[in-house]
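Chains Z and Y are the protein sequences, given in the same order.
When you read off a place in the first sequence, starting at 1, and then add 1, the result is the number in my numbering.
When you read off a place in the second sequence, starting at 1, and then add 138, the result is the number in my numbering.
Idealized CB from N, CA, C, for every residue including glycine.
Since the model is a prediction, treat every value here as computed from it, not as a measurement.
For reference, the structure discussed in these notes is given below.
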Amino acid sequence: MSDARPLPQRVVIAGDGQLGALTAVALKRALPSSEIVVIGGSFDPAALADTAASALPFTNRLHDSLGIDEDVLVRRCGASHRLAVRYLGWGGVEHEGVAAYGGAGDPALRTAFARDWGSGMRHASSERPAGSVSEALARAGRFARPSGEAGEPLAEVDYCLRWNGAAYRDLLVEYAHGLGVAYHRGRIVGGAPDGAGGLAAIAVEGVGQVTADLFLDCSGPQGLLSQLPDYRRVDWSDQLPVRGLIYARRGDPALSLADTILLTSSGWLAEGAGRDGRSRMLAAPEAATDADIRAALHAEPVSALALHPGRAERAWIGNVVALGDAAATFEPLGWLNLDLAHRQLALLLELLPGDTPDPRERDEFNRRAALMADRARDFVAAHYAAPAARGVFGTLARSPELALALDQFERRGRLPFFEETPMLAQEWAVMLDALGIPAGTSPLRQAADPRATAAAAEAMAHKCEAAVRAAPPYGEWMTRMLQAQ
Amino acid sequence: MGWRRVAASEATRVVVLGGGTAGWMTAAALAKLLGPLVRVELVESEDIGIVGVGEATLPHIRGFVERLGIDEAAFMQATHATYKLGIDFRDFGRIGEAYVHPFGSFGEEVAGVPFHHYWLELRRQGMAGPIGDYSLAVRAALANKFQTPLQDGSLASSYGYAYQFDATLFGPFMRDFAIGLGVTRTEGRVTSVERDGESGDVRALLLEDGRRIEGDLFVDCSGFRSLLLGSELDEPWEDWSHWLPCDRAAAMPCSHVTHEIEPYTRAVAMPAGWRWRIPLQHRIGNGYVFSSSFVSEDEAVEAIRGAAEGEILAEPRLLRFRAGRRRNSWSHNVVAVGLASGFLEPLESTSIYLAQVAVTYLLELFPAGGRIEARDRAEFNRLVDMEYDRIRDFLILHYHATERDDSPFWNHVRTMAVPDSLAAKMELWRDTGRVEKYSDGLFYNASWLAVYVGQGVLPRRHDARASLPDPLQVIRALQTLEGAIGDAVAAMPGHRAYLESRAERLAVAP
């Protein structure tokens with residue numbers, strides 16, 4: 002006879018950034034009768050999941066499941082929408098590519114072959130779509146949210162949100178407080194081992210010993226997990242070249258449906274729109290000099306931080322589970338840091354332990370979390386395979402999975418499926434295409450009837466036109482949205 | 139964009155050896171989907187019989203039929219097909235116990251916690267019925283009801299379906315279809331194989347009458363004999379018979395005894411294996427899959443005779459096989475599809491699926507222009523291996539997860555060591571009630587759940603959150619679900635009535 006495991010009596014979350022706060026909301030909702038305690042006050046600027054002001058489409062679904070309303074994010078946290086990333090210079094001088102989010106698009110154009118055979122998302126072929134509805138909207142600067150009705154012109158639109166980090170965190174803290182999450186402020190100065198590889202308690206300055214059944218480490222790369230004796234790190238520096246992030250002062254507020262990632266001779270420069278101001282950040286390899294950085298940034302740097310890419314060999318040790326930068330650190334290329342953190346959180350919610358972690362459940366979490374992190378790393382690392390990137394970053398090592406994916410894509414227009422990959426095959430395909438990495442042609446496409454392909458392209462164009470007609474200019478939509486309350 | 143006309147001389151010459159199910163599926167798919175890029179020739183000999191495996195299929199077959207633009211009605215009529223909602227397993231965990239492994243789900247997750255944790259919690263309190271009560275596919279199957287599912291996210295879309303058909307008619311149906319697409323059929327028996335002295339690639343097949351069939355790519359669909367991959371290229375065999383000891387089947391059709399046709403396949407555990415029962419439009423297929431180490435062929439034949447419910451329509455036919463696979467399914471310029479690449483017994487109706495995925499991967503990795511890249515071959519083998527390995531573990535579970543100690547066969551499989559990959563999955567389930575997650579390959583959460591629970595492997599503990607809601611509320615929710623399923627099943631037509639209402643699917647009575 003099977004018994005429900007005893008509930009954890011207390012869960013302690015180390016870190017009160019936006020990741021710690023969302024984790025607290027999620028845990029309190031999952032375990033309403035347990036005590037959820039956040040320990041804050043030691044903010045680490047190197048925690049990129051905490052400093053990120055942008056997530057990816059997965060977060061919208063996580064928010065939905067946690068009752069976090071997008072309208073509230075728009076009204077109170079300065080949230081705005083990104084439909085696509087504009088890549089500049091990656092394919093060579095003057096090269097421009099646009100990569101939209103979402104897996105939609107006309108199946109006939111992509112010859113989404115294996116899927117048509119009834120086997121789900123895997124091995125969906127990745128022929129360059131003639132466009133997607135999201136891309137058409139991003140290019141036209143028009144936006145409206147899909148209503149959820151099947152067949153509507155905007156049904157295929159997928160997007161991600163950016164927001165003001167402080168306002169978003171404040172909102173989550175307010176939610177957490179409302180749910181009854183406890184909060185202590187103080188630096189974590191030590192931990193008492195529990196004799197099983199984890200922790201019995203942590204020592205918090207000004208608070209004392211805090212015991213818990215489960216500790217969630219949302220405190221960044223130097224967090225709780227890294228202090229455990231069994232902690233091991235997998236180094237990624239042979240695959241990811243960025244060693245420093247240099248930030249410029251925020252610019253004027255800007256509304257845009259696309260953000261830009263520009264390849265310069267000193268690294269890559271991300272320019273993000275935002276209702277709270279435009280952001281600029283340069284990601285530079287070790288070799289970049291101050292002069293290079295200034296020139297690339299077109300501004301005086303206001304802050305900088307060093308980056309040592311890698312992940313925890315096991316993100317869950319004993320009763321300590323690391324999320325975000327405590328589990329994996331890498332350059333914020335494509336805004337994957339918070340996305341990965343949220344996927345790890347969703348995985349934890351799926352495999353939520355009872356009062357005592359089960360070793361097999363922990364192994365399953367670690368297996369899947371490692372796959373997730375490695376595939377996120379591969380998505381980032383794929384950028385450095387762009388034709389112009391090699392001149393800036395040199396030749397880098399590639400994981401066997403990335404090497405296979407790039408080889409298959411370039412020769413055959415095919416992207417193999419890998420378990421726990423954070424992005425859809427179509428998102429990989431449009432990203433590679435936007436980087437100037439040409440897709441090979443699959444035999445299925447070579448053999449396809451050109452009339453059918455042309456008809457599908459025409460249908461897609463009509464669909465894009467209909468979507469553009471159905472959506473107002475983004476600024477107009479936003480004004481209406483803000484006036485509606 | 140991307141399309142170009144290919145001159146006939148540039149087309150890749152594909153020679154398919156063997157005209158059984160796998161051979162004609164391959165020929166038809168290549169001709170249909172690679173049209174101008176290939177010239178397909180299939181060599182078969184009427185003297186050599188076909189195994190005709192896979193009377194029962196998986197839902198994936200529908201994708202194959204649709205993708206090739208085959209009319210479902212014509213296909214069902216030609217193969218005497220019926221609909222299939224799952225497999226009814228009897229006597230596997232314990233004699234007298236049964237469960238259905240459905241093409242569908244059990245309940246719905248609540249607050250992010252899968253249904254079965256709540257079910258386990260209520261079961262502990264004695265408040266839950268069998269888990270199959272909460273699956274529309276299971277209930278419809280057992281009520282002999284059928285209608286095609288919807289796709290609207292409602293209860294009516296919580297299941298899928300496959301077909302049960304006469305496999306000896308499926309090959310010929312695909313043959314006619316393939317020939318219509320321009321596939322050349324060559325009658326003849328292969329007497330020798332011509333190889334390239336340097337690369338070892340196969341250059342041509344030499345036939346008894348002296349003809350020489352040249353090709354760029356050879357697809358070995360010669361069945362268990364594996365003439366090209368096995369005999370000629372000597373690709374090593376990975377033997378799995380220590381885990382899956384059944385090595386024979388005695389197959390025998392009989393007539394229907396009831397008016398209604400069950401929309402499911404039945405698998406009944408036997409003293410030295412198991413037997414299938416597959417209802418088609420005009421007959422029932424029966425077969426005893428057994429291990430010759432534990433029962434003699436004669437005894438097995440008698441056993442299947444004894445199990446037939448209706449009039450015996452043909453003498454039992456004996457098949458011999460081994461569980462396992464070739465280490466590589468693609469070696470040199472030879473790709474094996476179907477039984478020539480490996481064999482897993484039909485306990486979960488995977489034979490045609492394995493041929494189908496091999497064809498799918500071959501199409502994705504097809505050497506257009508005839509030049510084969512070693513990387514594509516390696517990728518094909520990686521994908522095929524993964525499919526085999528995952529199915530293997532799932533099949534072994536059906537034998538290993540048992541309390542039966544009534545025969546030497548069941549004592550053997552109950553106590554044998556299983557692959558580490560399966561042992562880890564079972565331990566995770568036993569300790570936590572969680573199913574190891576993967577998205578590729580076959581058989582996901584609901585399938586593992588059906589077999590674990592159906593064969594009495596229950597976890598020691600389940601998710602802590604299952605105890606959070608008020609039990610009365612959970613009981614009411616389960617009752618509501620059970621009631622809704624009951625209403626949905628009551629509103630569905632009987633399987634035969636449904637088939638008769640779509641008469642173009644009915645074969646002319648023989």
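Distance, residue j Cα to residue i Cα
i: E247 (chain Y); j: E351 (chain Z); result: 11 angstroms
i: P354 (chain Z); j: L337 (chain Z); result: 26 angstroms
i: A216 (chain Y); j: G207 (chain Y); result: 15 angstroms
i: A212 (chain Y); j: F315 (chain Y); result: 11 angstroms
i: T553 (chain Y); j: T488 (chain Y); result: 25 angstroms
i: R333 (chain Y); j: W414 (chain Y); result: 42 angstroms
i: V154 (chain Y); j: D340 (chain Z); result: 47 angstroms
i: W162 (chain Y); j: G224 (chain Y); result: 26 angstroms
i: I199 (chain Y); j: G199 (chain Z); result: 49 angstroms
i: V176 (chain Y); j: R140 (chain Z); result: 40 angstroms
i: T330 (chain Z); j: C219 (chain Z); result: 12 angstroms
i: G309 (chain Y); j: P333 (chain Z); result: 54 angstroms
i: R443 (chain Y); j: E428 (chain Z); result: 57 angstroms
i: D212 (chain Z); j: R186 (chain Z); result: The sequence as given places Thr at residue 212 (chain Z); Asp does not occur at that position. Taking the straight line joining both Cα atoms gives about 15 angstroms.
i: A202 (chain Z); j: L596 (chain Y); result: 34 angstroms
i: F144 (chain Z); j: P154 (chain Z); result: 12 angstroms
i: F432 (chain Y); j: A410 (chain Y); result: 6 angstroms
i: F581 (chain Y); j: F394 (chain Z); result: 43 angstroms
Spatially closest choice to residue i from the options, by CA coordinates
i: W91 (chain Z); options: Z:L28, Z:G245 and Z:L264; result: Z:L264
i: F44 (chain Z); options: Z:D356, Z:A448 and Z:D326; result: Z:D326
i: V251 (chain Y); options: Z:R163, Z:R30 and Z:E97; result: Z:R30
i: S364 (chain Y); options: Y:D185, Y:R634, Y:N466 and Y:A389; result: Y:N466
i: A236 (chain Y); options: Y:P607, Y:P597 and Y:T403; result: Y:T403
i: V475 (chain Y); options: Y:S469, Y:A496, Y:S489 and Y:A461; result: Y:A496
i: L451 (chain Y); options: Y:V154, Y:S430, Y:H470 and Y:I422; result: Y:I422
i: H178 (chain Z); options: Z:A22, Z:A202, Z:V190 and Z:L49; result: Z:A22
i: Y636 (chain Y); options: Y:A389, Y:E398 and Y:R509; result: Y:E398
i: P557 (chain Y); options: Y:S379, Y:S577 and Y:L610; result: Y:S379
i: A289 (chain Z); options: Z:L308, Z:S266 and Z:A462; result: Z:S266
i: P388 (chain Z); options: Z:L89, Z:G132 and Z:A456; result: Z:L89
i: V13 (chain Z); options: Z:G319, Z:L215 and Z:Q210; result: Z:L215
i: M482 (chain Z); options: Z:T24, Z:V75, Z:L20 and Z:D17; result: Z:V75
i: E638 (chain Y); options: Y:E204, Y:A166, Y:A219 and Y:T150; result: Y:A219
i: P58 (chain Z); options: Z:G221, Z:G209, Z:G335 and Z:G207; result: Z:G335
i: A650 (chain Y); options: Y:E352, Y:D372, Y:R151 and Y:Y491; result: Because chain Y here runs from 139 to 648, residue 650 (chain Y) falls outside it and cannot be looked at.
DSSP-derived helix/strand/coil call for residue i
i: K575 (chain Y); result: coil
i: P240 (chain Y); result: strand
i: Q611 (chain Y); result: helix
i: I69 (chain Z); result: coil
i: L258 (chain Y); result: helix
i: A455 (chain Y); result: Inspection of the sequence shows that residue 455 (chain Y) is occupied by Arg rather than by Ala. Correct three-state label for R455 (chain Y): strand.
i: H198 (chain Y); result: helix
i: F532 (chain Y); result: helix
i: Y88 (chain Z); result: strand
i: E182 (chain Y); result: strand
Bridge-paired residues (DSSP) for residue i
i: H185 (chain Z); result: Z:I40
i: Y426 (chain Y); result: Y:A388 and Y:R413
i: I225 (chain Y); result: Y:H239 and Y:T403
i: C161 (chain Z); result: Z:R83
i: W488 (chain Z); result: Outside the displayed range of chain Z (2 to 486) lies residue 488 (chain Z), so it cannot be described from this structure.
i: I208 (chain Y); result: DSSP lists no partner for I208 (chain Y).
i: M500 (chain Z); result: Chain Z is shown from 2 up to 486; residue 500 (chain Z) falls before or after that span and cannot be answered.
_Tell me whether the segment 275-293 of chain Z and the segment 419-435 of chain Z touch, counting them as touching only if at least three CB pairs, one residue from each stretch, are closer than 8 angstroms._
Contact check between the segment 275-293 of chain Z and the segment 419-435 of chain Z: fewer than three CB pairs, one atom from each, fall below 8 angstroms, which does not count as touching.
*Is the segment 237-254 of chain Z in contact with the segment 297-316 of chain Z, if contact means three or more CB pairs nearer than 8 angstroms?*
Under the three-pair Cβ rule at 8 angstroms, the segment 237-254 of chain Z counts as touching the segment 297-316 of chain Z.
*Cβ contact (3+ pairs, closer than 8 angstroms) linking the segment 190-207 of chain Z and the segment 79-87 of chain Z*: Touching, no.
*asked:* Using 8 angstroms as the cut-off, can you tell me whether the segment 445-453 of chain Z makes contact with the segment 603-613 of chain Y, which would need three or more C-beta pairs spanning the two stretches below that distance?
replied: Taking 8 angstroms as the limit for Cβ pairs, the verdict is that the segment 603-613 of chain Y does not touch the segment 445-453 of chain Z.
_Measuring CB atoms only, is the segment 147-167 of chain Z touching the segment 283-297 of chain Z, in the sense that at least three cross pairs come out at less than 8 angstroms?_
By the C-beta criterion, the segment 147-167 of chain Z is judged not to be in contact with the segment 283-297 of chain Z, since fewer than 3 inter-stretch pairs fall below 8 angstroms.
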